[in-house]
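A.B. asks: Protein chains in written order, with the numbering used here: chain C, 13 to 224; chain L, 13 to 224. If you scroll down you'll find the structure; I have some questions about it.
Protein chains: 2
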Amino acid sequence: MRLSPTRRSTPTRLRERASTDRADLYAVLDEGLVCHVGVVRDGAPVVLPTGYGRIDDTVYVHGSTGAGWLRVSDGAPVCLTVTHVDGVVYARSVFHHSMNYRSAVVHGPARVVTDPAERMAGLRAVAEQLSPGSWEHAREPNAREMAATVVIALDLAEASVKMRSGPPGDEDFDIEEGGRWAGVLPVVTTFGDPEPDPTLDEVATPAHVRNR
Amino acid sequence: MRLSPTRRSTPTRLRERASTDRADLYAVLDEGLVCHVGVVRDGAPVVLPTGYGRIDDTVYVHGSTGAGWLRVSDGAPVCLTVTHVDGVVYARSVFHHSMNYRSAVVHGPARVVTDPAERMAGLRAVAEQLSPGSWEHAREPNAREMAATVVIALDLAEASVKMRSGPPGDEDFDIEEGGRWAGVLPVVTTFGDPEPDPTLDEVATPAHVRNR
Numbered sequence: 013m014r015l016s017p018t019r020r021s022t023p024t025r026l027r028e029r030a031s032t033d034r035a036d037l038y039a040v041l042d043e044g045l046v047c048h049v050g051v052v053r054d055g056a057p058v059v060l061p062t063g064y065g066r067i068d069d070t071v072y073v074h075g076s077t078g079a080g081w082l083r084v085s086d087g088a089p090v091c092l093t094v095t096h097v098d099g100v101v102y103a104r105s106v107f108h109h110s111m112n113y114r115s116a117v118v119h120g121p122a123r124v125v126t127d128p129a130e131r132m133a134g135l136r137a138v139a140e141q142l143s144p145g146s147w148e149h150a151r152e153p154n155a156r157e158m159a160a161t162v163v164i165a166l167d168l169a170e171a172s173v174k175m176r177s178g179p180p181g182d183e184d185f186d187i188e189e190g191g192r193w194a195g196v197l198p199v200v201t202t203f204g205d206p207e208p209d210p211t212l213d214e215v216a217t218p219a220h221v222r223n224r
Numbered sequence: 013m014r015l016s017p018t019r020r021s022t023p024t025r026l027r028e029r030a031s032t033d034r035a036d037l038y039a040v041l042d043e044g045l046v047c048h049v050g051v052v053r054d055g056a057p058v059v060l061p062t063g064y065g066r067i068d069d070t071v072y073v074h075g076s077t078g079a080g081w082l083r084v085s086d087g088a089p090v091c092l093t094v095t096h097v098d099g100v101v102y103a104r105s106v107f108h109h110s111m112n113y114r115s116a117v118v119h120g121p122a123r124v125v126t127d128p129a130e131r132m133a134g135l136r137a138v139a140e141q142l143s144p145g146s147w148e149h150a151r152e153p154n155a156r157e158m159a160a161t162v163v164i165a166l167d168l169a170e171a172s173v174k175m176r177s178g179p180p181g182d183e184d185f186d187i188e189e190g191g192r193w194a195g196v197l198p199v200v201t202t203f204g205d206p207e208p209d210p211t212l213d214e215v216a217t218p219a220h221v222r223n224r
């Protein structure tokens, strides 16, 4: 299924870096730990990092009822962006320095989720994105915790994916001149060794953490 | 020097995670490769990833004159956010799952830089943030490249820093119940081995890339 292009979801330049494949959108979203959500407050943008999760064509974010920035009214315009930096692109010229990256940008009205089942499903998606396996292992939210939580849904109806990979795109005259290094320095994100909570009492590190 | 708090740069909750130290702001900004810039277009937020650089209390971003999203008018409100994810925080409860992170959020009017010297200095700061040493090694921008480039400045007058570190903050009753793992899985970002450009002809990998 192709993404639905609109003016704001259609990149204005370097179109060869844009993807219209929904599978690419899912792949970029599903690999991330954090998204950056933009809202408009008093006419100015506010961009904050937060966790998120996806179910089919809906992305969920959650927050505390006390968090001002998530107190968006139902239908308020939001933008949710997920970016993976894959490498630093060194070119012969400063101008052609770049990044290898994959990014997904989702535009749309915020939907404040009120249905209890969807609220729980959305929170589960957020938890599984951050820490797959945790929903089964950890205690599920209780009524008090649910009451303190806002769940926001965003449809993937209007979204764009942009990617860059591969070597730099130097000018021919810079390549011919020679003498300057060019290439890619990969940026690699990995998980370190689990650090058990100091208060933990004889609980082995479970597979969903150990094998991540 | 303390950061200047305003309503929108004052976190509404978890204030113990907020820092008012300007050194923390610099540290978070100086370590990043990518920021997320939010602008308002037709009343809706647009959040896009891009490189950036800092000189003293000014952050610079740059873009192509053909890039619609950076065609902000002088004085337009923007928000620039840099986030480092340091770990996934596993708690006994789903509710207390979290992330260890450091983030800086800068609010302010965009200033379209027109002074040629400041434009060049801003581009140098962006290049040095992405690839320290490249400005000396690579060919500097020529007149044609400068004409194709927009440089935007943002003062660090209104900014906030938020950080979380350490183990999860579980409820006492969850700790007492036992049986569930809790702890932190560090998220580590490193550089891989340099990948020379296929067109490169006998240029050794320079120290500023090799030793990064």
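The beta-carbon is built from N, C-alpha and C at its ideal position, and this holds for glycine as well.
May I have the straight-line CA-CA distance separating Ala137(C) from Arg224(L), to the nearest angstrom?
C.D. replies: As a working mapping, residue 137(C) is identified with position 125 in the first sequence. As a working mapping, residue 224(L) is identified with position 212 in the second sequence. If I take the Cα positions, the gap works out to 37 Å.
A.B. asks: Just grab the DSSP bridge partners of Tyr113(C) for me.
C.D. replies: Reading the first sequence from its first residue, position 101 is the one you call residue 113(C). Answer is Val97(C) and Arg176(C), bridged to Tyr113(C).
A.B. asks: Quick test of the definition: if touching needs 3 or more C-beta pairs under 8 Å, does the region 53-71 of chain L touch the region 161-178 of chain L?
C.D. replies: Flag = yes, the region 53-71 of chain L and the region 161-178 of chain L touch.
A.B. asks: Taking the beta carbon of Ser172(C) as the centre, do at least 16 other beta carbons fall within 10 Å, making it buried, or is it exposed?
C.D. replies: On the first sequence, residue 172(C) is found 160 positions in, with the first residue counted as 1. Buried: at least 16 other Cβ atoms inside 10 Å.
A.B. asks: Whose C-beta lies closer than 6 Å to the C-beta of Val125(C) among residues of the same chain, with five residues either side of it excluded?
C.D. replies: For the purposes of this step, residue 125(C) is taken as residue 113 along the first sequence, with counting starting at 1. These residues qualify, in order along the chain: Arg131, Gly134, Val163 and Ala165.
A.B. asks: Taking 8 Å as the cut-off, decide whether the C-beta atoms of Val94(C) and Ala116(C) are in contact.
C.D. replies: What you label residue 94(C) is simply residue 82 of the first sequence in a count that begins at 1. What you label residue 116(C) is simply residue 104 of the first sequence in a count that begins at 1. Contact: yes.
A.B. asks: Going straight from the alpha carbon of Asn112(C) to that of Ser146(C), what length do you get?
C.D. replies: On the first sequence, residue 112(C) is found 100 positions in, with the first residue counted as 1. On the first sequence, residue 146(C) is found 134 positions in, with the first residue counted as 1. The straight-line gap from Cα to Cα measures roughly 31 Å.
A.B. asks: Between the region 92-108 of chain L and the region 197-212 of chain L, are three or more C-beta pairs nearer than 8 Å?
C.D. replies: Touching, per the Cβ criterion.
A.B. asks: From Leu92(L) to Ala150(L), what does the alpha carbon distance come to, in whole angstroms?
C.D. replies: Mapped onto the second sequence, residue 92(L) falls at position 80. Mapped onto the second sequence, residue 150(L) falls at position 138. The straight-line gap from Cα to Cα measures roughly 28 Å.
A.B. asks: Pick from Ala56(C), Asp33(C), His108(C) and Ser76(C): whose alpha carbon is nearest that of Ala160(L)?
C.D. replies: As a position in the second sequence, residue 160(L) is number 148, starting the count at 1. Minimum Cα distance to Ala160(L) is reached at His108(C).
A.B. asks: On the three-state DSSP scale, how would you describe Arg27(L)?
C.D. replies: In the second sequence, residue 27(L) corresponds to position 15, counting from 1. Here Arg27(L) scores only 48 on pLDDT, less than 50, and its place in the model should not be relied on; the value that follows carries that caveat. Three-state DSSP puts Arg27(L) in a helix.
A.B. asks: In whole angstroms, what is the alpha-carbon distance linking Arg53(L) and Ala88(C)?
C.D. replies: Here residue 53(L) refers to the residue found at position 41 when the second sequence is read from its first residue. Here residue 88(C) refers to the residue found at position 76 when the first sequence is read from its first residue. Roughly 14 Å separates the two Cα atoms.
A.B. asks: Taking the beta carbon of Pro144(C) as the centre, do at least 16 other beta carbons fall within 10 Å, making it buried, or is it exposed?
C.D. replies: As a working mapping, residue 144(C) is identified with position 132 in the first sequence. Answer is exposed; the Cβ neighbour count stays below 16.
A.B. asks: Do Trp193(C) and Val40(L) have their C-beta atoms closer together than 8 Å?
C.D. replies: Locating residue 193(C) in the first sequence gives position 181, counting from the first residue. Locating residue 40(L) in the second sequence gives position 28, counting from the first residue. Against a cut-off of 8 Å, the Cβ pair of Val40(L) and Trp193(C) comes out as no contact.
A.B. asks: DSSP puts Val49(L) in a beta bridge; with which residues?
C.D. replies: Taking the second sequence and counting its residues from 1, the one referred to as residue 49(L) is at position 37. Leu60(L) and Leu92(L), per the DSSP bridge assignment.
A.B. asks: Under 8 Å between C-beta atoms, does Asp213(C) make it to chain L?
C.D. replies: One-based indexing of the first sequence puts residue 213(C) at position 201. Chain L, which has a Cβ nearer than 8 Å to the Cβ of Asp213(C), makes this yes.
A.B. asks: Can you list the residues of chain C that Pro144(L) reaches, using a CB-CB cut of under 8 Å?
C.D. replies: Position 132 of the second sequence, counting from 1, holds the residue named residue 144(L). Here the premise fails: no neighbours, minimum Cβ distance about 10 Å.
A.B. asks: Within 10 angstroms of its Cβ, does Arg86(C) collect 16 or more other Cβ (buried), or is it exposed?
C.D. replies: As a first step, residue 86(C) must be located in the first sequence, where it is residue number 74. The amino acid at residue 86(C) is misidentified as Arg; the sequence shows Asp. It counts as exposed.
A.B. asks: Beta-carbon separation of Val59(C) and Val90(C) under 8 Å?
C.D. replies: As a first step, residue 59(C) must be located in the first sequence, where it is residue number 47. As a first step, residue 90(C) must be located in the first sequence, where it is residue number 78. For Val59(C) and Val90(C), no; Cβs fall outside 8 Å.
A.B. asks: Short of 7 Å Cβ to Cβ, which residues in the region 166-192 of chain L face chain D?
C.D. replies: Absence of chain D from the displayed structure is noted, the protein chains being C and L.
A.B. asks: Beta-carbon separation of Asp36(L) and Arg66(L) under 8 Å?
C.D. replies: Taking the first residue of the second sequence as position 1, residue 36(L) is located at position 24. Taking the first residue of the second sequence as position 1, residue 66(L) is located at position 54. No, the pair does not count as a contact, with Cβ atoms beyond the cut-off.
A.B. asks: Is Asn223(L) close to chain C? Criterion is C-beta to C-beta, closer than 8 Å.
C.D. replies: As a first step, residue 223(L) is located in the second sequence; it is residue number 211 there, counting from the start. Chain C contact via Cβ: absent.
A.B. asks: Give me the chain L residues within the contact set of Gly63(C), using Cβ-Cβ distance strictly less than 7 Å, ordered along the chain.
C.D. replies: In the first sequence, residue 63(C) corresponds to position 51, counting from 1. Within 7 Å Cβ-Cβ: Met111.
A.B. asks: The beta strand (DSSP E) that contains Leu168(L), what's its start and end?
C.D. replies: In the second sequence, counting from the first residue as 1, residue 168(L) sits at position 156. It is not in any beta strand (DSSP E) - Leu168(L) carries neither H nor E in the DSSP assignment.
A.B. asks: I believe Thr211(L) touches Ile187(C) by the beta-carbon criterion, under 8 Å. Please report the beta-carbon distance rounded to the nearest angstrom.
C.D. replies: For this step, residue 211(L) is matched to residue 199 along the second sequence. For this step, residue 187(C) is matched to residue 175 along the first sequence. The Cβ separation is near 5 Å, so the contact holds.
A.B. asks: Specify the secondary structure class of Pro128(L) as computed by DSSP and reduced to three states.
C.D. replies: The count along the second sequence starts at 1 and reaches residue 128(L) at position 116. Of the three classes helix, strand and coil, the one that applies to Pro128(L) here is helix, per DSSP.
A.B. asks: Tell me the rounded alpha-carbon separation between Pro206(L) and Thr77(C).
C.D. replies: Position 194 of the second sequence, counted from the first residue, corresponds to residue 206(L). Position 65 of the first sequence, counted from the first residue, corresponds to residue 77(C). Roughly 46 Å separates the two Cα atoms.
A.B. asks: Using 8 Å for Cβ pairs, my map puts Asp110(L) next to Arg176(L). What's the rounded Cβ distance?
C.D. replies: Mapped onto the second sequence, residue 110(L) falls at position 98. Mapped onto the second sequence, residue 176(L) falls at position 164. Strictly speaking, residue 110(L) in this sequence is Ser, with Asp absent from that position. With 8 Å as the limit, Ser110(L) and Arg176(L) qualify as a contact, their Cβ atoms being about 6 Å apart.
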